[in-house]
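**Student:** Here it is: the structure, laid out below.
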Amino acid sequence: DGYRNTNYQGGREANQVSDDYRYQDGNYDAPNDGYYRGGDEPAQEEDAQSDVTEGHDEDDEVYEGEYQGIPHPDDIKEKQKRAPAMADEYRDRADLMAERMEDEEQLAHQYENIIEECGHGRFQWTLFFVLGLALMADGVEVFVVGFVLPSAEKDMCLSSSNKGMLGLIVYLGMMVGAVLLGGLADKLGRKQCLIVSLAINAAFAFLSSFVQGYGFFLFCRLISGLGIGGTLPIVFAYFSEFLSREKRGEHLSWLCMFWMIGGIYASAMAWSIIPHYGWGFSMGTKYHFHSWRVFVLVCSLPCIASLVALKFMPESPRFLLEIGKHDEAWMILKQVHDTNMRAKGEPERVFTVSYIKTPKQVDEFIEIQSSTGTWYQRWLVRITTTLKQVWDNVLYCLTAQYRMNTLMLAVVWFTMALSYYGLIVWFPDMIRYLQDEAYDSRVKIFDEEEVSHFTFNFTLENQIHRNGEYRNDKFIGMKFKEVKFEDSLFEDCYFEDVTSSETFFENCTIISTVFYNTDLYEHKFINCRLINSTFMKEKEGCHIDFEEDNDFLIYLVSFLGSLSVLPGNIISALLMDKIGRIKMIGGSMLISAVCCFFLFFGNSESAMIGWQCLFCGASIAAWNALDVITVELYPTDKRATAFGILNGLCKFGAILGNSIFSSFVGITKVVPILLASSALVGGGLLALRLPETREQVLM
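Quick note on numbering: full-length UniProt numbering labels position 143 of the sequence shown as 143, and the sequence is numbered without any gaps.
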């Protein structure tokens, strides 16, 4: 509190703050309001004004942290003696909060002027790419499980319920991570929490590629999702605090493009790696590292790259000012200024700010002495205190000042996620369903065939054999794919080294037949009579036996869906600050709702792919505008918390959308289309009632 003016009187207009730093004849014309701005210091040469200088006390010792414009601690103490003020412990909390709010308003306008002075250049673009890699990792995480599921279900013998849980577990982790890590970012710092978030994701994503059991793999993907869930709220809060009002909407929209790049990267890697089943190794009969595990490993690279690059970036100065760390914030802002000026070829330009307003610190975190209790008791107190502060921030977002905005944003986020994520899952499922229908229409049917003393050593695919008789036949080293035997007789036959997929024997009679080293298990014989038949050395576990013909198309669909948002990203970035956030959200959601109705005409694979691209391209502008307005509606000490809450609700909507929409595949298109379009229309109309924020400084 040493830099505060204790005689400050309220009532200053907000526009006066912007006049605090007027340059006249090489010096500041600072208002006579009692704030220390270095204006009374002797004039210095221009090229030395922003250099770090050495202050010397009476003993000619350098005191740490002193630089141009920051008063000596002894001066501060003397000033405090001359300006008596009521001790904070004797003041009403409401008065302290009112004073803090007044300080924050002044800081918001002053900080906007400082960021404008720092300019937009090399520093922001460097941070843009570092945070873009983190956002890219979030986009990759959404696609990973969907791509590996067809291979993982064979490798780990997954049932339908297990597959469904694996598809949803990532969203569950992201939902928890968004709320928890977003809240911690407002208390511990943007950079620190983002590093923790990326480290958790990278570690458990890497580990999940090696584990063999379904339960452990599920756990790793859950924790990996928890880590990556925290990146989205932190990244946008972090980057926005280095942007001026004029640049904020546009450059936050450009940042959203990395989510699209993540989808393209995941699709391209899946297409390149997963079909190559030989890209792996085995250790004995129990440990298998197939190509889909290589894909999981490769998908963790953007996260690792962002984690390494982030170590060289500074903390958000806006956050540091919020917690009273004036000197650290000043040094970072000077670094931003000097980096940008050198890149522009103007290294002689000096950073003219000498003092920045810091809000009144009401709730101070008291460090526990090392002599107090045991180490785990001290850590327990720290953790519970921090979590309580996070919970208080969550409740603050529902106070009267922010309640209406929070509730409206919650509805818009939820309706957008329900329709978008639901349809994103529904599109590939519908394409698979259309493919299966076309595949079934080409089935070959064999009735009453009689085969004896014949050796089958080739693949049988998409066939139905009815009322056949097979005597003294051998089935050796062959594959059955989508083959069904109905009411058939097998007598004195021999099956060896046979693998099968979707193959069943129904109402068959099997006499004196030997099955050696096959995966024709008991559940594949439905209402069959087995007489004097022997099963020897059955294949263990599940096997990746067949390369799916539709793998290429599914990867292509995801690739085109991700690429189709590029025009929407460009348009939203260029128009975000021109037409405003509210019109962008409402217009994009209403156009997306119209696109949903065209899905009634999607009766072919090409038509479904086309409508998917149109829907994704139209809806991306709403996502970008939602990210921007969520950042701008909340103050610095609540920004990441609010974003985390809303993003967590978004992931809950994604879970519901995935579950509801996928259950109607092959049954009806009416319910998914009407549900998605209704949600988009309702959310779009409600979004028009939100306050516009494009002319608002970052509080």
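Quick reminder that beta carbons are idealized off the backbone N, C-alpha and C, glycines included.
1. Indicate, with yes or no, if the ligand GDP has a heavy atom lying under 6 Å from the CB of Phe480.
2. Excluding sequence positions up to five away, which residues of its chain have a Cβ less than 7 Å from the Cβ of Leu307?
3. My understanding is that Leu166 touches Arg245, with C-beta atoms under 8 Å, so please give their C-beta distance in whole angstroms.
4. Find out if the Cβ-Cβ distance for the pair Asn507, Cys256 is shorter than 7 Å.
5. In its own chain, which residues sit with a C-beta less than 6 Å from the C-beta of Gly684, not counting the 5 before and 5 after it?
6. Under 8 Å, with one C-beta from each stretch per pair, do the segment 592 to 611 and the segment 143 to 154 reach the 3-pair mark?
7. Go through the segment 563 to 587 residue by residue and report every complete run of the alpha helix (DSSP H) that reaches 4 residues or more, in order.
8. Return helix, strand or coil for Val425, following the three-state DSSP convention.
9. Quick one: is Leu633 buried, meaning 16 or more other Cβ sit within 10 Å of its Cβ, or exposed?
10. Give me the Cα-Cα distance between Lys187 and Gln389, rounded to the nearest whole angstrom.
11. Pull the bridge partners of Lys444 from the DSSP assignment, please.
12. Would you mind sorting Asp436 into buried or exposed? The rule is 16 or more other CB atoms within 10 Å of its CB.
13. Beta carbon of Gly173, beta carbon of Gly139: below 7 Å?
14. If you draw a straight line from the C-alpha of His465 to the C-alpha of Tyr420, how long is it?
15. Is there contact here, the segment 672 to 687 with the segment 401 to 415, by at least three beta-carbon pairs under 8 Å?
16. Just to confirm the assignment, what range does the beta strand (DSSP E) spanning Tyr516 have?
17. Checking 7 Å against the spacing of the C-beta atoms, do Val298 and Ile645 come in under that value?
18. Can you tell me which of the three DSSP states residue 708 falls into?
19. Looking only at C-alpha atoms, which of Trp259, Glu461, His109, Gly610 sits nearest to Ile431?
20. With a cut-off of 8 Å, do at least 3 Cβ pairs link the segment 509 to 528 to the segment 572 to 580?
21. For Tyr402, which of helix, strand or coil comes out of DSSP?
22. By DSSP, does Leu530 sit in helix, in strand, or in coil?
23. Return the CA-CA distance between Asp392 and Phe643, expressed in angstroms with no decimal places.
24. For Ile304, which residues of its own chain have a beta-carbon under 7 Å away from its beta-carbon, when the five flanking residues on both sides are left out?
25. In terms of alpha-carbon separation, which member of Val294, Phe661, Lys325, Ile570 lies closest to Ala622?
26. Since I believe Phe559 is in contact with Ser592 (beta carbons under 8 Å), could you give me their beta-carbon distance rounded to a whole number of angstroms?
27. Compare the C-alpha of Ile476 against each of Trp254, Phe456, Gly648 and name the closest.
28. If you follow the alpha helix (DSSP H) that residue 734 is part of, which residue opens it and which one closes it?
29. My guess is that Val565 and Met260 are in contact by the Cβ rule of under 8 Å, so how many angstroms apart are they, rounded?
**Tutor:** On the basis of the data shown:
1. Summarising the ligand content, the structure contains no ligands, and the ligand GDP is consequently not present.
2. Ile195, Leu198, Ala199, Ala202
3. Leu166 to Arg245, Cβ: 44 Å. No contact.
4. Cβ atoms of Asn507 and Cys256: not closer than 7 Å.
5. Gly586, Met589, Leu590
6. no
7. 565 to 579
8. helix
9. By the C-beta density criterion, Leu633 is buried, having at least 16 other C-beta atoms within 10 angstroms.
10. 8 Å
11. Gln463
12. exposed
13. no
14. 43 Å
15. Yes, the segment 672 to 687 touches the segment 401 to 415.
16. 514 to 516
17. One thing to note: Val298 has its Cβ no nearer than 7 Å to the Cβ of Ile645.
18. Outside the shown range of the chain (1 to 699) lies residue 708, about which nothing can therefore be said.
19. Of the listed residues, the one whose Cα sits closest to Ile431 is Gly610.
20. no
21. coil
22. strand
23. Looking at the two C-alpha atoms, the distance is approximately 15 Å.
24. Non-local beta-carbon contacts of Ile304 in its own chain, meaning distances under 7 Å to residues more than five positions away in sequence, involve Ala202 in chain order.
25. Ile570
26. No, Ser592 and Phe559 are not in contact; Cβ-Cβ is about 21 Å, not under 8 Å.
27. Phe456
28. The requested residue 734 does not occur in the structure, where the chain is confined to residues 1 to 699.
29. 5 Å
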